[in-house]
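See structure below.
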Amino acid sequence: MSLLIINTLPEDDKDAVEAIKALTENILEFKVVNTCAMKISHCTGCCDCMLKNPGVCSVKDDYEEIFSLFFDYCDIVFLSDTSLDFLSYETVNIIQRMFPLVTVFSVYEKGKILHIPRYEKKFRIGLLYKNNPETSILYPWFDKYIEHFSSTSLGIHPIKDVKEIKKCIL
Numbered sequence: 026m027s028l029l030i031i032n033t034l035p036e037d038d039k040d041a042v043e044a045i046k047a048l049t050e051n052i053l054e055f056k057v058v059n060t061c062a063m064k065i066s067h068c069t070g071c072c073d074c075m076l077k078n079p080g081v082c083s084v085k086d087d088y089e090e091i092f093s094l095f096f097d098y099c100d101i102v103f104l105s106d107t108s109l110d111f112l113s114y115e116t117v118n119i120i121q122r123m124f125p126l127v128t129v130f131s132v133y134e135k136g137k138i139l140h141i142p143r144y145e146k147k148f149r150i151g152l153l154y155k156n157n158p159e160t161s162i163l164y165p166w167f168d169k170y171i172e173h174f175s176s177t178s179l180g181i182h183p184i185k186d187v188k189e190i191k192k193c194i195l
């Protein structure tokens, strides 16, 4: 398996270092992207990635490097801090900027309206978080995010429970 780890925690964060070590053990192909020094803006909601320049975000910043990596890896795991009972804004910025992966068109499926994927590639995505978010909000939100991007969940867990996601990767 190939693994992309997107770490929005400081590179020297003890929990992040331990989680990365555990995730990459016995994995031959992986990449860790530490985003703390990167400039990644929020999604502006312009919809250019769906209408004007399909599959390309109009915001030009360091996110372009991350977006191009999505297609090279089977599994993606986010490492995130939490703030105000939810994910850090750094992680939310990255996740919201994934909209170039879907089209403006939607389909009614299983009682829900979902975006149609732009690409055939299916993603397997997991999330490890620090501190104490409001899980009654975060967990359903993550499920909807996975569903809208036609992905498979590797799970969402506190960073100390890294082994739960690791089981899904192997």
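Going by this note's numbering, the letters in the sequence shown line up with residues 26 to 195, in that order. For glycine and all other residues, C-beta sits at the position ideal for the given N, C-alpha and C.
Span separating the alpha-carbon of F111 from that of L76: 30 Å
Could you tell me which whole alpha helix (DSSP H) segments of length 4 or greater appear in the segment 83-137? 88-94 and 114-121
For V57, which residues does DSSP report across the bridge? DSSP output for V57 lists I30 as bridge partner(s).
Cβ of R122 within 7 Å of Cβ of C82? yes
Determine whether the beta carbon atoms of L153 and I194 lie at a separation below 7 Å. If you check the CB distance, L153 and I194 do not come in under 7 Å.
For the ligand NAD, is there a heavy atom less than 6 Å away from the beta-carbon of H67? As far as ligands go, the structure on display features none, and thus does not contain the ligand NAD.
Which residues does DSSP list as the beta-bridge partners of H67? For H67, which the question treats as bridged, DSSP gives no partner whatsoever.
Are the segment 165-174 and the segment 84-102 touching, with three or more C-beta to C-beta distances below 8 Å? no
Residue from S175, K46, L29 and L34 whose Cα sits closest to the Cα of V117: Comparing Cα positions, the closest option is L34.
Going by the beta-carbon positions, is the gap between I101 and I150 smaller than 7 Å? yes
Backbone secondary structure at S176 - three-state DSSP: Coil.
Rounding to the nearest angstrom, what Cα-Cα distance links S175 and E36 in this structure? 30 Å
Rounded C-alpha distance that separates L139 from F124: 12 Å
With DSSP run on the structure shown, which of helix, strand or coil describes P165? Three-state DSSP puts P165 in a helix.
Would a C-beta distance cut-off of 7 Å place I162 and L179 closer than the cut-off? no
Buried or exposed: which applies to C68, given that a residue is buried once 16 or more other Cβ atoms fall within 10 Å of its Cβ? buried
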